[in-house]
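Below: the structure, in C-alpha cells.
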C-alpha cells in the first residue's frame with residue numbers, strides 16, 4: 151500500500167512544471183519515501199501549483215481542517231511544499247521536485263540522500279531536453295554587458311536584484327551534495343540567492359539567512375570572480391538566482407556532455423571572439439564552464455553550438471577580444487513565475 155502511494159505521488163510530481171520521470175531502478179520512489187510519509191504523500195496530491203488556504207486543501211482532501219493545517223505546516227517546515235504568509239493568512243502550494251523540493255531539503259541532506267540524488271538527477275536533466283521553456287535561464291555576468299549597449303533589465307543581473315528589498319542566501323545544495331560524495335568544490339558555498347516570499351520561506355525554515363542588497367551584490371561579484379554561471383528563474387519577476395559550476399550543478403553537468411548545449415539553454419546572448427585582437431593566451435579556456443572555447447593556433451574561437459551566454463570569458467580577457475552579441479532566436483522571459491509555469495505545462499501537453 152505504501153509503495154502504491156509513492157507511485158501515485160511520482161505521477162503527481164511528474165504533472166508539475168519541473169517533471170519527475172520514472173526510472174527502471176525505481177530510485178525516484180526511494181527519494182519520495184525519504185521526503186514524504188505515506189500520509190504526507192496522500193495530502194500532497196491534493197495541492198495545486200498556486201497558493202491556497204489549509205481549509206480549501208482540507209475540503210478537497212476530505213480531511214478535518216485542523217488536522218490538515220497541522221500536517222501542511224509540518225510539510226512546509228520540512229521543505230516538501232511551499233508556504234506563503236501574507237497578512238493573517240497562511241497559504242500552501244505544491245512545488246516541482248526541481249526547482250523546489252530538492253533545494254528545500256538542504257538541512258536534511260546526508261550521504262544516503264546524496265547517493266540517491268546522484269543516481270536520479272541525470273534522469274531529471276535528460277527529461278528537460280527539447281522543452282522550449284525552461285525553469286531557469288542564463289544571464290551574462292554584469293561585466294560582460296557593461297559596454298554601453300542597450301541591454302534589457304532582465305539581462306542586467308545587478309539591476310534585477312535592485313528591485314528587491316527582501317533577499318536571502320543559502321548554501322548551494324549542489325555543492326553540499328557533491329561534498330558528501332567526496333567531490334568537494336573549492337568555489338564559494340553560500341551562493342544560492344532567493345527573493346521575496348521565497349526569502350521569507352528560506353529564513354523561517356532555517357535553510358538561509360536574510361541579507362542586504364549590498365551583500366547580495368557582493369555575492370554576485372564573488373560569483374563572477376569564481377567563474378560561476380548565473381542562472382535565475384526564467385521569468386522577469388524572478389524568485390531565485392543559482393550560481394553554478396559544471397563540477398557540481400546537475401544542470402551544467404548534464405549540459406556539458408551534450409553536443410549542442412546552446413540548444414537546451416534559454417539565454418539572450420552568445421560570445422564572439424575577434425580573431426584580429428585575440429592573442430591565444432588561453433585565459434578564456436579556464437573560465438568557460440561548458441567547453442565552448444576552441445583553441446586554435448593563432449586565436450581562440452567560440453563554438454556557437456556550445457556557448458550558453460554566461461559571459462564569464464569576457465571580463466578576464468586581457469586583449470578585450472571577446473564580446474557578447476544578441477542571439478537571433480532569443481526569447482523574452484515570461485513576465486512572472488505563473489506565466490512561466492503555464493508555458494511549460496502547455497508545452498508538455500498538461501494544460
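In the numbering used here, the protein residues as written are 151 to 501.
Glycine included, every Cβ here is placed at the ideal spot set by N, Cα and C.
Every value quoted in this text rests on a predicted model; they were computed, and no experiment measured them.
Sort out for me which residues DSSP pairs residue 383 with in a bridge. 286
For residue 284, collect the residues of the same chain with a Cβ closer than 6 Å to its Cβ; drop the 5 residues on either side in sequence, then sort them by chain order. 384, 416
Less than 8 Å between the beta carbons of residue 423 and residue 452, yes or no? yes
For a test of the three-state rule: what should DSSP assign to residue 302, helix, strand or coil? In the structure shown, residue 302 falls within a coil segment according to DSSP collapsed to helix, strand and coil.
Are the beta-carbon atoms of residue 421 and residue 397 separated by less than 8 Å? no
Can you give me the C-alpha to C-alpha distance between residue 220 and residue 412, rounded to a whole angstrom? 45 Å
Just the C-alpha distance for residue 241 and residue 343, rounded to the nearest angstrom, thanks. 22 Å
Identify the residues that DSSP records as bridge partners of residue 345: which are they? 317
Residue 418 and residue 459 - do their beta-carbons sit closer together than 8 Å? yes
Can you find the residues in the same chain that come closer than 7 Å, C-beta to C-beta, to residue 339, ignoring five residues on each side of it along the sequence? 321, 322, 325
Cα-Cα, which of 262, 229, 265 is closest to residue 248? Among 262, 229, 265, the Cα nearest to that of residue 248 is on 229.
Residue range of the unbroken alpha helix (DSSP H) whose run includes residue 360: Looking at the DSSP string, residue 360 is not in any alpha helix (DSSP H); the run it does join, the beta strand (DSSP E), is 359-361.
Three-state secondary structure (DSSP) of residue 308: In the structure shown, the three-state DSSP call for residue 308 is helix.
Exposure of residue 258, with buried meaning 16 or more beta-carbon neighbours within 10 Å: exposed
Output the boundary residues of the alpha helix (DSSP H) element that contains residue 192. Per DSSP, the unbroken alpha helix (DSSP H) holding residue 192 starts and ends at 188-194.
Between the Cα of residue 162 and the Cα atoms of 203, 331, 395, 246, which residue gives the shortest distance? 246
I'd like the ranges of any alpha helix (DSSP H) spanning at least 4 consecutive residues and lying wholly in the segment 235-288. Fully enclosed alpha helix (DSSP H) runs of 4 or longer: 261-278.
Can you name, in chain order, every residue of its own chain whose Cβ lies under 7 Å from the Cβ of residue 500, other than the five neighbours on each side? 165
Compute the Euclidean distance between the alpha carbons of residue 455 and residue 377, then round it to the nearest angstrom. 20 Å
Pick out whichever of 201, 214, 366 has its Cα sitting closest to the Cα of residue 236. 201
Let me check understanding here. Comparing Cα to Cα, which of 484, 479, 475, 492 lies closest to residue 300? 475
So, for residue 427: in the same chain, excluding its five sequence neighbours on each side, which residues have a beta-carbon less than 8 Å away from its beta-carbon? 469, 470, 471
Could you check how far apart the C-beta atoms of residue 518 and residue 170 are, in whole angstroms? I think they sit under 8 Å. Missing from the structure shown is residue 518; the chain here goes from 151 to 501 and no further.
Residue interval of the beta strand (DSSP E) (run including residue 472): 472-476
How should residue 425 be labelled, buried or exposed, when 16 other C-beta atoms within 10 angstroms of its C-beta is the threshold for buried? exposed
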